[in-house]
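Take the position in the sequence shown, starting the count at 1, then add 183; the result is the number in this note's numbering.
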Amino acid sequence: MSFIVAIDGPAGAGKGTITKLVGEKLGLINIDTGATYRCVTLAAIEKGYTLKEEDKIVKLLDELKIEFKKENNKEQVFLNDVDVTNKIRTQEVNNMVSQISHIPEVRNNMANFQRKIAEGKNVIMEGRDIGTNVFPNADVKIYLDATPEERAKRRILQNEEKGIQSTYEEILENIKFRDYNDKTSKTAPLKQAEDAIYLDSTNLNINQVVEKVIKIIEQVTKLHT
Ligand code: DC
184 MSFIVAIDGP AGAGKGTITK LVGEKLGLIN IDTGATYRCV TLAAIEKGYT
234 LKEEDKIVKL LDELKIEFKK ENNKEQVFLN DVDVTNKIRT QEVNNMVSQI
284 SHIPEVRNNM ANFQRKIAEG KNVIMEGRDI GTNVFPNADV KIYLDATPEE
334 RAKRRILQNE EKGIQSTYEE ILENIKFRDY NDKTSKTAPL KQAEDAIYLD
384 STNLNINQVV EKVIKIIEQV TKLHT
């Protein structure tokens, strides 16, 4: 039996940070589904495929072995036995991953893979369609949101920490563009599952969101026991 917590929401809502912290506090295995799409993208880039070569990218799926490992307390991602934890976060991957994640065969394949790695485990999984598509029967579903303006502010701070120069206007525009693409996508539209709990983190700090998520999980679990 698995216990599944699904956290969905738009880019920059803090899903990654929150999922990691809640997972650590509650002893749930944290699965970063975005990393699976990033692995497919990296493999396509390494083969030199362009976005137009969808058929080749789809064929590539059979050759991919993606693994999540925890070594020295650090989450690591392996693609065909090679540590790609950092390589999947490059700008080159960022630029292609959204389009590749919308190829229907890629989505189906990754959704099946995500279901497989959760089998028999207690997991907290973040993504765009976990509560709607990957695990429609998840035990707990949360839709984590924040206004585009707040998400842009957070992204600026993250960029400053990494020494990346960016302006508020360009980040806000990019976030609004991504929201539009995510919400109008034909293959995997980002939307709140009917039975998901909506959590607006606009005026909350990280600890407050973590506390709220843990409360929601505890309340839902109590209702079912
Ligand atoms: O969360 P992230 O930035 O690592 O996600 C990378 C890309 O994958 C992003 O463009 C959205 C997409 N994605 C998706 O379509 N479905 C998921 N469950 C997770 C990510």
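Glycine included, every Cβ here is placed at the ideal spot set by N, Cα and C.
| Item | Value |
| --- | --- |
| G314 versus A376 - alpha carbon distance | 6 Å |
| In DSSP terms, what N213 is bridged to | I307 |
| Beta-carbon proximity check, V393 vs I201, cutoff 8 Å | yes |
| Alpha-carbon spacing of H285 relative to Q259, whole angstroms | 24 Å |
| Test item: CB-CB of Y335 and I354 under 8 Å | According to the sequence displayed, residue 335 carries Ala and not Tyr. Yes; because the gap between Cβ atoms is below 8 Å, this pair is in contact. |
| Beta strand (DSSP E) segment containing Y326, residue limits | 323-328 |
| Residue span of the beta strand (DSSP E) that contains L387, given as start and end | Segment: none, L387 is in no beta strand (DSSP E) and carries neither H nor E. |
| Burial state of T233 (16 or more Cβ within 10 Å) | exposed |
| Residue from E333, V317, T367 whose Cα sits closest to the Cα of Q297 | V317 |
| Any non-hydrogen atom of ligand 1 within 7 Å of S281 CB | yes |
| Top-ranked residue by Cα proximity to T367, from R311, V396, K345, I397 | R311 |
| Helix, strand or coil at F360 according to DSSP, with G and I counted as helix | helix |
| Reduced DSSP category for V403 - H, G, I as helix; E, B as strand; rest coil | helix |
| Selection from E356, D383, D378, E288 that minimises the alpha carbon distance to T370 | E288 |
| Distance cut-off 7 Å: S349 Cβ against heavy atoms of ligand 1 | no |
| Beta-carbon separation (whole angstroms), Y326 vs D191, contact threshold 8 Å | 6 Å |
| CA-to-CA distance, N278 to E302, given in whole angstroms | 31 Å |
| Q274, DSSP secondary structure in three states | helix |
| I313 CB to nearest heavy atom of ligand 1 below 7 Å | yes |
| Through-space distance from K405 to P372, alpha-carbon basis | 31 Å |
| Under 8 Å between C-beta atoms of V188 and L204 | no |
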